[in-house]
Amino acid sequence: MTQSLDAYLILSGLLFTIGTFGFLAKRNAIAMLMSIELMLNAVNLAIVAFGAFVPGLAAQGALIALFVMAVAAAEATVGLAIVIAIYRNRRTPLVDEYASMRE
Amino acid sequence: MPLFAEAAGAGTTGTSLDQAMVLALLALPLIGFALTALVGRRLGARSPIVPVALMIVTWVIAMVLVYQTLIAGAFGEAGLHFDLYRWIPAGDFQVEVNFGVDALTAVMLIVVTTVGMLVHVYSIGYMAHDPGRWRFFAYLNFFMFSMLLLVLADNFLLLFAAWELVGLSSYLLIGFWYRRRSAALAAKKAFIVNRVGDLGFGLGIMAIWTTVGTLNYTDVFQLLPEALASGAIEPWMMIGICLLLFAGAVGKSAQFPLHVWLPDAMEGPTPVSALIHAATMVNAGVYLVARANPLFAQAPEALVVVAAVGIFTCLMAATIALTQTDIKRVLAYSTLSQLGYMFAALGVGAFIPAIFHLVTHGFFKGLLFLGSGSVIHAVHEEQDMDRMGGLRRKIRITHITMLVGALAIAGIPPLAGFWSKDELLAESFKFGFPWVWAIGVGVSLLTAFYMFRLMGKTFYGPSHIDPHAEPRIHESPPSMTGPLILLAIPSAFVGLLLGFPPESGPIHDILDPVFHGAEETLALPHEPYTLFGLDGILLGVSVAVAVIGMLAAWRLFGFFGIAPRPKTVRALTERLRLPYRISRDKWYFDELNDLLFVRLGGLVARGLWWFDVHVIDGAVNGVAAATQSSGRGLRHIQTGRVQNYALGIAGGLLLMAIGYLVAR
Chain R
1217 MTQSLDAYLI LSGLLFTIGT FGFLAKRNAI AMLMSIELML NAVNLAIVAF
1267 GAFVPGLAAQ GALIALFVMA VAAAEATVGL AIVIAIYRNR RTPLVDEYAS
1317 MRE
Chain G
141 MPLFAEAAGA GTTGTSLDQA MVLALLALPL IGFALTALVG RRLGARSPIV
191 PVALMIVTWV IAMVLVYQTL IAGAFGEAGL HFDLYRWIPA GDFQVEVNFG
241 VDALTAVMLI VVTTVGMLVH VYSIGYMAHD PGRWRFFAYL NFFMFSMLLL
291 VLADNFLLLF AAWELVGLSS YLLIGFWYRR RSAALAAKKA FIVNRVGDLG
341 FGLGIMAIWT TVGTLNYTDV FQLLPEALAS GAIEPWMMIG ICLLLFAGAV
391 GKSAQFPLHV WLPDAMEGPT PVSALIHAAT MVNAGVYLVA RANPLFAQAP
441 EALVVVAAVG IFTCLMAATI ALTQTDIKRV LAYSTLSQLG YMFAALGVGA
491 FIPAIFHLVT HGFFKGLLFL GSGSVIHAVH EEQDMDRMGG LRRKIRITHI
541 TMLVGALAIA GIPPLAGFWS KDELLAESFK FGFPWVWAIG VGVSLLTAFY
591 MFRLMGKTFY GPSHIDPHAE PRIHESPPSM TGPLILLAIP SAFVGLLLGF
641 PPESGPIHDI LDPVFHGAEE TLALPHEPYT LFGLDGILLG VSVAVAVIGM
691 LAAWRLFGFF GIAPRPKTVR ALTERLRLPY RISRDKWYFD ELNDLLFVRL
741 GGLVARGLWW FDVHVIDGAV NGVAAATQSS GRGLRHIQTG RVQNYALGIA
791 GGLLLMAIGY LVAR
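Encoded structure:
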């Protein structure tokens, strides 16, 4: 099994699904950010797996994974900053309370 | 020419002094207007001093110019012409502010400034108790400026500008007592009806410019006939231009079918009726056609229209004047009728008698209107002739002067109206328009009748004046009777002075240079005057007819020793009920206009309004409503919850993945 690309892709798909579910189901903004991280890492896993198993993608796979990590770090920083700023204003981390632009 | 050296064009004539006089004629009334408008209110009772003094100076200058033109002959036959400055330099379209004084202008100057000056003096007395006096005199001076500009202008565009300015002054003065609803409405009516004619006039000017590329009188009168002769323009274009110009004349001179504004214009103060709506402004149309005589001579078909419109208005207005009871309205319809004579004369080619009649009419109608103002003043603002009568002994000067005016307009020799009217009627017969002559003679019967009906009802017979007002009847102050006397003199003698011997009097020598070319073009017969031949017969008929009309009126409405017969009058109106009604109700022209333009026009307008509201606005509002409702519908999916959006993204991603798998 360890030599199979499918195993990595199945794990990656499971992690992505968990992340997606968490993003859709959680009301807490911090938990949603954590779910996003899970999704990003699932994708990263798939990319690295492709890079390891497909000969033509060996160099690119690692490179793209590094890029994704950098972007994910930036995303987490900005996302957390926004969440903290909203929390200071609203005194709640629950995103369904942030509906003041609706009407 | 040191004064205007830089502007002096090639066609400039006359010394700078002459030019300065022309400019002074325009500047003085304008200064009077400006001063009175600015500070007149504070001057109170002294507000007339400046405008009246300036008018007298203007009159003197005008007389000097007239002397220079007509008697000294300082400017030759072509007259004085000079440019003041370039008004509109727009590519090919070059218009100067230029002025011209020739024999026709000089004759107009005599009437305009003389009557204008006397009316100014008269107004001192007439408006003495009106708190808005300063406004009145400011407007009067403004009118004099506009009217002088109208006769002095040397190109069509400047003429048109002056044409509109006199229209504006007329509007302001008709509506002088603007608190009175009828006066405000009459002013509006005059303005709007004039717009109809001015539209034609404006189009005519544009047509002239597009065909010959200039608007200067001298050039146009030379180039247009040349273009016609060389075949550059078709005859119908010439006729079209003439008829468009004539449309303007019809509006300003209140000819059928645009005559409806003039009787209503009597809502203005009486001096205004005398000056603007009898002696000067309404003659502008006659002046225009006479001025454009080289064009009309090339379009005989247009001249027939002029003659027909003129003689029809002449007849119609005279029949209406028979039964009106408002003294000023009788005179207003009489003005329409006399203007109709002038147009009929222009139409048959009798240009000189037309201008001759313009001059005599200016004097005697100005006199009659000022006289009626004096009567109205005497009986305390009563205008209904059924409530007058027996004023002969109470206001003697007014009576005598008005009697002169009435005899003059009736055409009794040797007063002014006889000479001009007889001449224009005789010429229309001899120039091949017997129908114009026949109607004209019929109208002179009516004229004599309605004038002496007016005299009888006002001055003779028993008094029907309100007994309370009766003891306070008084003759007007000298500032009013003076102008009456001064106008009665020319009304009596100007005809003899200018028109004797008939058809070759001084007026012919004066105006011949202006109309010579047109008369040649029309190939009018020029037979020597035969007192004991055709001319004698024509003269005899027109005098006899006038005398019959006058005697009939004496018998019915009274004269010095003759008692009026109200019973006979009543019996006559009973027997002639239908014609009487038609005449009294002014041929139902107001009703016709009401039906055509107010009701039918209103229906059309309402239809268009419906179309506008439901179709045009409907389309616009429909688009807006559709946008709004679709926006309202789409708003429901904007919940503001992040999870909902994320669900949409995930769902969309899923759909795309499924679609990809299925499609593969």
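Chains as they are written, first to last, in the working numbering: chain R, 1217 to 1319; chain G, 141 to 804. Glycine included, each C-beta is placed from N, C-alpha and C at the ideal position. As the structure is a prediction and not an experimental result, all values here were calculated from the model.
- If you keep only unbroken alpha helix (DSSP H) runs of at least 4 residues inside the stretch 597-657 of chain G, you get 618-639.
- With distances taken between CA atoms, residue 686 (chain G) lies nearest to G:557 out of G:557, G:212 and G:739.
- Residues are counted here when their Cβ sits less than 8 Å from a Cβ of chain R; for the stretch 769-793 of chain G these are 778, 779, 780, 781, 782, 783, 786, 787 and 790, given in chain order.
- Rounded to the nearest whole angstrom, the C-alpha separation of residue 569 (chain G) and residue 261 (chain G) is 41 Å.
- Within 10 angstroms of the beta-carbon of residue 1260 (chain R) lie 16 or more other beta-carbons, which makes it buried.
- By the Cβ neighbour-count rule, residue 184 (chain G) is exposed, with fewer than 16 other Cβ atoms within 10 Å of its own.
- At the C-beta level, residue 525 (chain G) and residue 550 (chain G) stay beyond 7 Å of one another.
- Within its own chain, no residue has a Cβ closer than 6 Å to the Cβ of residue 764 (chain G) once the five positions on either side in sequence are excluded.
- Fewer than three pairs of CB atoms, one per stretch, sit closer than 8 Å, so the stretch 730-743 of chain G makes no contact with the stretch 628-636 of chain G.
- For residue 240 (chain G), the secondary structure class from DSSP, reduced to helix, strand or coil, is strand.
- Taking 7 Å as the cut-off, the Cβ atoms of residue 506 (chain G) and residue 627 (chain G) count as close.
- If you look at residue 228 (chain G), you'll find it isn't in any alpha helix (DSSP H); it sits in the beta strand (DSSP E) that goes 220-230.
- Spatial neighbours of residue 754 (chain G) in its own chain (CB-CB distance under 6 Å, excluding positions within 5 residues in sequence) are not present.
- The residue among G:649, G:596, G:275 and G:660 with its C-alpha nearest the C-alpha of residue 187 (chain G) is G:275.
- For residue 197 (chain G), the secondary structure class from DSSP, reduced to helix, strand or coil, is helix.
- When DSSP reads this structure, residue 518 (chain G) sits in no beta bridge, so it has no partner.
- The beta carbon of residue 520 (chain G) is closer than 6 Å to those of 609 in its chain, skipping five residues each way along the sequence.
- For residue 1311 (chain R), the chain G residues whose C-beta falls within less than 8 Å of its own C-beta are 781, 782 and 783, listed in chain order.
- Residue ranges of uninterrupted beta strand (DSSP E) with 3 or more members, entirely inside the stretch 227-310 of chain G and ordered along the chain, are 233-241.
- Rounded to whole angstroms, the gap between the alpha carbons of residue 697 (chain G) and residue 456 (chain G) is 22 Å.
- In the three-state scheme derived from DSSP, where H, G and I count as helix and E and B as strand, residue 524 (chain G) is classed as strand.
- For the pair residue 402 (chain G) and residue 759 (chain G), the Cα-to-Cα distance works out to about 45 Å.
- Scanning the stretch 383-463 of chain G from its first residue to its last, the whole alpha helix (DSSP H) runs of 4-plus residues come out as 401-404, 410-414, 424-431, 433-436 and 440-461.
- Between residue 392 (chain G) and residue 425 (chain G), the gap from beta carbon to beta carbon is short of 7 Å.
- Note on geometry: alpha-carbon atoms of residue 1244 (chain R) and residue 1303 (chain R) lie some 11 Å from one another.
- Per the Cβ contact rule, the stretch 335-349 of chain G is in contact with the stretch 381-391 of chain G (3 or more Cβ pairs under 8 Å).
- The Cβ-Cβ distance between residue 289 (chain G) and residue 278 (chain G) does not fall below 7 Å.
- In the structure shown, residue 752 (chain G) adopts helical secondary structure according to DSSP, grouped into three states.
- Residue contact check for residue 1236 (chain R) against chain G: a CB pair falls below 7 Å.
- Within the model, the alpha-carbon separation for residue 616 (chain G) versus residue 245 (chain G) is close to 34 Å.
- Proximity of the stretch 308-318 of chain G to the stretch 404-423 of chain G meets the contact definition, three or more beta-carbon pairs being nearer than 8 Å.
- Residue state for residue 1310 (chain R) is assigned as strand, using DSSP reduced to three classes.
- Ranked by Cα distance from residue 523 (chain G), the first of G:606, G:783 and G:435 is G:606.
- Residue 466 (chain G) is bridged by DSSP to G:524.
- Residue G:356 holds the alpha-carbon nearest to the alpha-carbon of residue 297 (chain G) among G:356, G:241 and G:676.
- At the C-beta level, residue 453 (chain G) and residue 362 (chain G) stay beyond 7 Å of one another.
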